[in-house]
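Protein chains in written order, with the working numbering: chain A, 259 to 560; chain B, 259 to 560.
Spelled out as structure tokens, the structure:
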């Protein structure tokens with residue numbers, strides 16, 4: 259019951275109205291694996307530079323995260339800098355230095371080619387396809403993408419979508435990919451492209467799941483303090499797929515619970531800068547917040 | 259177990275990307291009472307002009323809506339015109355003709371001065387205060403307001419808030435009233451102004467209830483076709499308070515169910531122009547959609 263995840267490992271510089279953090283560990287594969295490892299074994303396929311040291315390695319190695327597929331190349335690790343507006347819902351990219359990521363060729367280690375679940379983080383669809391070709395029969399394949407690929411590499415993205423069970427995107431991306439503003443119609447169009455399920459991430463408004471025949475809506479947890487939204491989407495994906503990896507079947511009940519676990523992990527992620535909160539997070543805190551989600555949303559049937 | 263509601267009755271001209279309707283029956287008191295009358299007896303206090311005829315009167319009179327408090331004055335009924343953007347989330351006011359509404363002096367009929375629930379629709383806080391003074395000990399007092407009064411008549415609005423149990427506003431209004439962007443903090447500040455409960459309406463993202471010690475989040479119902487969002491907020495309020503009027507106690511369970519009934523009524527309202535859908539709505543359809551909300555949001559506890 260293990261997960262294979264491909265995506266970025268990065269050093270992020272983040273400015274929010276509440277402070278600033280420089281060169282902190284970030285990237286989709288990082289957030290994803292820290293969340294998923296709360297539930298299951300994760301192995302990541304990614305690339306880092308020579309500036310990625312023992313301290314960073316330890317963050318993963320102390321958990322159920324296998325780094326056999328982490329390539330270390332000459333040069334610097336991918337770096338990203340971003341600044342959030344006062345409301346934290348607008349983000350400006352200050353800089354993007356691809357560095358070793360520019361020539362990244364994902365290579366899945368022999369031992370990890372039969373994962374239970376595969377997560378294709380938000381990278382070039384061509385690289386996502388290369389990973390897809392290297393693995394054998396995962397029980398579930400999930401992918402993330404972004405406007406940049408929807409606009410820039412639509413053909414390659416379509417090829418990825420044909421091989422994917424679950425697509426996770428935000429609402430703007432779902433609208434752009436489908437050409438439909440209405441999310442119900444957008445979901446139908448996207449499901450016709452390949453994915454059996456669509457998960458629409460709506461930030462502070464929560465998540466919508468469009469399954470084959472069901473829909474599920476989960477709110478975001480109302481937090482008094484949101485420090486840094488960076489990584490919340492990948493953390494959500496990690497909690498979502500991590501929980502599913504533990505389940506014997508991906509049925510409607512399991513999917514709904516997985517959405518809540520994803521939302522739970524995401525809600526912790528934003529409580530502090532970078533991965534800080536995820537690094538101290540306990541199983542008990544996760545269970546407590548899951549139950550708080552139940553409290554938040556429960557109402558009696560007629 | 260009856261509701262007294264004060265607010266506007268209007269003729270609306272609405273343009274959406276899907277069509278146009280001219281001089282159709284609208285106004286906060288109209289939408290509110292059509293929704294609330296699905297559950298309980300409603301009497302409205304409002305003003306109309308000489309252009310308000312038997313056809314309009316019949317829309318109310320055919321239901322559990324008492325028009326004793328509806329004043330008919332010389333002149334024309336309040337008219338509003340608005341145009342929605344392609345996405346339906348941006349609205350431009352094309353014109354506002356106050357007409358008889360300009361000199362409206364609400365007068366609660368003798369027989370309706372002891373309502374079970376009082377709803378103060380979005381009108382000048384001074385008029386809301388005048389209605390408050392004319393009624394005796396309602397079990398629950400709810401009010402709506404808008405940015406225009408938050409900015410223009412803050413002192414009078416504060417006086418209203420001191421006498422109110424539930425405030426219903428949208429998220430932008432909650433933020434402006436409290437001066438806090440974070441909704442959890444905004445709710446705390448607003449509750450310190452008087453209301454025991456705050457209901458934050460978030461349009462396509464649903465509703466957040468901040469009760470004394472509880473929070474409840476409900477999504478909006480995902481609809482494939484949204485025709486005309488006009489009146490959805492007042493329709494929500496009508497369903498919410500209408501259901502509560504039927505309940506012996508306003509406890510946490512009843513409040514949550516009332517939020518879902520409000521959301522249910524609101525989801526029907528937007529399916530057609532103006533009040534059309536509300537006029538044909540049956541009890542069975544309401545119950546079915548309430549159950550669909552349960553399906554949409556339910557997940558198993560741990």
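Backbone N, C-alpha and C fix where the C-beta goes; we use that ideal spot for every residue, glycine too. Since we're looking at a predicted model, the values are computed, not measured.
Q.
Contact between the region 372–381 of chain A and the region 260–271 of chain A is defined here as three or more beta-carbon pairs at a separation below 8 Å; is this criterion met?
A. yes
Q.
What does the Cβ neighbour count give for residue 278/B, buried or exposed, with the cut at 16 atoms within 10 Å?
A. For the purposes of this step, residue 278/B is taken as residue 20 along the second chain, with counting starting at 1. It is exposed - the Cβ of residue 278/B has fewer than 16 other Cβ atoms within 10 Å.
Q | Helix, strand or coil at residue 565/A [DSSP, three-state] | A | Since the first residue of chain A shown is 259 and the last is 560, residue 565/A is not available in this structure.
Q: Could you tell me whether the Cβ atoms of residue 477/B and residue 480/A are closer together than 9 Å?
A: Taking the second chain and counting its residues from 1, one reaches residue 477/B at position 219. Taking the first chain and counting its residues from 1, one reaches residue 480/A at position 222. In this structure, residue 480/A does not lie closer than 9 Å to residue 477/B by Cβ.
Q | Cross-chain neighbours of residue 480/B in chain E, by beta carbon under 8 Å | A | Of the chains in the structure shown, none is chain E; the protein chains are A and B.
Q.
Tell me the rounded alpha-carbon separation between residue 406/B and residue 383/B.
A. Along the second chain, read from residue 1 onward, the residue named residue 406/B stands at position 148. Along the second chain, read from residue 1 onward, the residue named residue 383/B stands at position 125. Cα-Cα distance, rounded: 11 Å.
**Q.** Assumed close pair residue 475/B, residue 554/A - CB separation to whole angstroms, cut-off 8 Å
**A.** One-based indexing of the second chain puts residue 475/B at position 217. One-based indexing of the first chain puts residue 554/A at position 296. About 5 Å separates the two Cβ atoms, so the contact holds.
Q) Along the chain, which unbroken stretches of the alpha helix (DSSP H) at least 4 residues long are found entirely within the region 301–351 of chain B? A) 312–319
Q: Can you tell me which of 468/A, 286/A, 297/A and 440/A puts its alpha carbon nearest to the alpha carbon of residue 462/B?
A: Here residue 462/B refers to the residue found at position 204 of the second chain. It is 440/A whose Cα lies nearest to the Cα of residue 462/B.
Q. Does the beta-carbon distance from residue 512/B to residue 497/B come in below 9 Å?
A. The sequence position of residue 512/B within the second chain is 254, counting from 1. The sequence position of residue 497/B within the second chain is 239, counting from 1. Against a cut-off of 9 Å, the Cβ pair of residue 497/B and residue 512/B comes out as no contact.
Q) Considering residue 225/B, what are the terminal residues of the alpha helix (DSSP H) in which it resides? A) Residue 225/B falls outside the range modelled here, since chain B spans only 259 to 560, and no answer is possible.
Q: Classify residue 432/A as helix, strand or coil using the three-state DSSP reduction.
A: For this step, residue 432/A is matched to residue 174 along the first chain. Of the three classes helix, strand and coil, the one that applies to residue 432/A here is helix, per DSSP.
(Q) On the DSSP bridge list, what partners appear for residue 355/A? (A) For this step, residue 355/A is matched to residue 97 along the first chain. DSSP, once it has assigned bridges, lists 337/A as partnering residue 355/A.
Q. At a cut of 8 Å, does the region 343–357 of chain B reach the region 282–290 of chain B through at least three beta carbon pairs?
A. no
Q. Hey, would you say residue 424/A sits closer than 9 Å to residue 401/A, going by beta carbons?
A. The sequence position of residue 424/A within the first chain is 166, counting from 1. The sequence position of residue 401/A within the first chain is 143, counting from 1. Yes, the pair counts as a contact, with Cβ atoms nearer than the cut-off.
Q.
Please tell me whether residue 556/A has its Cβ less than 9 Å away from any Cβ of chain B.
A. Taking the first residue of the first chain as 1, we reach residue 556/A at position 298. For residue 556/A, the answer is yes, since a Cβ of chain B falls inside 9 Å of its Cβ.
Q) Under a Cβ-count criterion, where at least 16 other Cβ atoms within 10 Å of its own Cβ denotes burial, should residue 343/A be classed as buried or exposed? A) For the purposes of this step, residue 343/A is identified with residue 85 of the first chain, where counting begins at 1. Residue 343/A comes out exposed.
Q: For residue 518/A, return the contacting residues in chain B, with the cut-off set at a CB-CB distance below 7 Å.
A: For the purposes of this step, residue 518/A is taken as the residue at position 260 of the first chain. The answer, in chain order, is 557.
Q: Enumerate in chain order the residues of its own chain whose CB-to-CB distance from residue 411/A is below 8 Å, with the five nearest sequence positions on each side excluded.
A: As a first step, residue 411/A must be located in the first chain, where it is residue number 153. Only 382, 383 and 384 meet the Cβ criterion.
Q.
Please give the ranges of any beta strand (DSSP E) in the region 442–481 of chain B, keeping only runs that are unbroken, at least 3 residues long and fully inside the region.
A. 455–459, 465–468 and 473–476
Q) What's the gap between the Cα of residue 275/B and the Cα of residue 530/B? A) In the second chain, counting from the first residue as 1, residue 275/B sits at position 17. In the second chain, counting from the first residue as 1, residue 530/B sits at position 272. C-alpha separation (whole angstroms): 13 Å.
**Q.** Rounded straight-line distance, which links the Cα of residue 494/B to that of residue 486/B
**A.** The sequence position of residue 486/B within the second chain is 228, counting from 1. The sequence position of residue 494/B within the second chain is 236, counting from 1. If I take the Cα positions, the gap works out to 14 Å.
(Q) Check for me: the beta strand (DSSP E) holding residue 399/B runs from which residue to which? (A) Here residue 399/B corresponds to residue number 141 of the second chain, with the count starting at 1. That run of the beta strand (DSSP E) goes 398–402.
Q: State yes or no: is the C-beta of residue 394/B within less than 9 Å of the C-beta of residue 416/B?
A: Position 136 of the second chain holds residue 394/B. Position 158 of the second chain holds residue 416/B. Result no, Cβ atoms of residue 394/B and residue 416/B do not sit closer than 9 Å.
Q: Spell out a yes or no on whether the region 503–511 of chain A and the region 535–550 of chain A are touching, meaning 3 or more CB-CB pairs, one atom from each, closer than 8 Å.
A: no
Q: Return the first residue and the last residue of the beta strand (DSSP E) that residue 273/A is part of.
A: Your numbering for residue 273/A matches position 15 in the first chain. Unbroken beta strand (DSSP E) run through residue 273/A: 268–274.
Q. Since residue 536/A contacts residue 328/A with CB under 8 Å, what's their CB separation in whole angstroms?
A. Here residue 536/A corresponds to residue number 278 of the first chain, with the count starting at 1. Here residue 328/A corresponds to residue number 70 of the first chain, with the count starting at 1. In fact, because the Cβ distance is near 18 Å, the residues do not count as touching under 8 Å.
Q. Comparing alpha-carbon positions, which option in 502/B, 446/B, 546/B and 524/B lies nearest residue 297/B?
A. Stepping through the second chain from its first residue, residue 297/B is reached at position 39. Checked all of 502/B, 446/B, 546/B and 524/B; the closest Cα to residue 297/B is 502/B.
Q. Do residue 418/B and residue 392/B have their C-beta atoms closer together than 9 Å?
A. Against the second chain, residue 418/B aligns to sequence position 160. Against the second chain, residue 392/B aligns to sequence position 134. The answer is no: Cβ separation not under 9 Å.
(Q) DSSP three-state label for residue 544/B, please. (A) Within the second chain, residue 544/B is the residue found at index 286, counting from 1. In the structure shown, residue 544/B sits in a helix (DSSP, three-state: H, G or I).
(Q) Looking at the secondary structure, which residues open and close the beta strand (DSSP E) in which residue 284/B lies? (A) Against the second chain, residue 284/B aligns to sequence position 26. Residues 277–284.
Q | Minimum Cβ-Cβ distance from residue 511/A to chain B less than 9 Å | A | What you label residue 511/A is simply residue 253 of the first chain in a count that begins at 1. At least one chain B Cβ lies under 9 Å of residue 511/A.
(Q) Rounding to the nearest angstrom, what Cα-Cα distance links residue 558/A and residue 500/B in this structure? (A) Numbered from 1 along the first chain, position 300 holds the residue referred to as residue 558/A. Numbered from 1 along the second chain, position 242 holds the residue referred to as residue 500/B. Rounded to whole angstroms, residue 558/A to residue 500/B spans 17 Å at the Cα level.
Q | Distance between beta carbons of residue 300/B and residue 322/B, contact taken as under 8 Å | A | The sequence position of residue 322/B within the second chain is 64, counting from 1. The sequence position of residue 300/B within the second chain is 42, counting from 1. Contact flag correct, Cβ pair sits at about 6 Å.
Q) Should residue 341/B be flagged as near chain A, meaning a C-beta pair shorter than 9 Å? A) For the purposes of this step, residue 341/B is taken as residue 83 along the second chain, with counting starting at 1. Judged by the 9 Å Cβ criterion, residue 341/B is not in contact with chain A.
Q) How is residue 263/B classed by DSSP in three states: helix, strand or coil? A) The residue you call residue 263/B lines up with position 5 of the second chain. Strand at residue 263/B.
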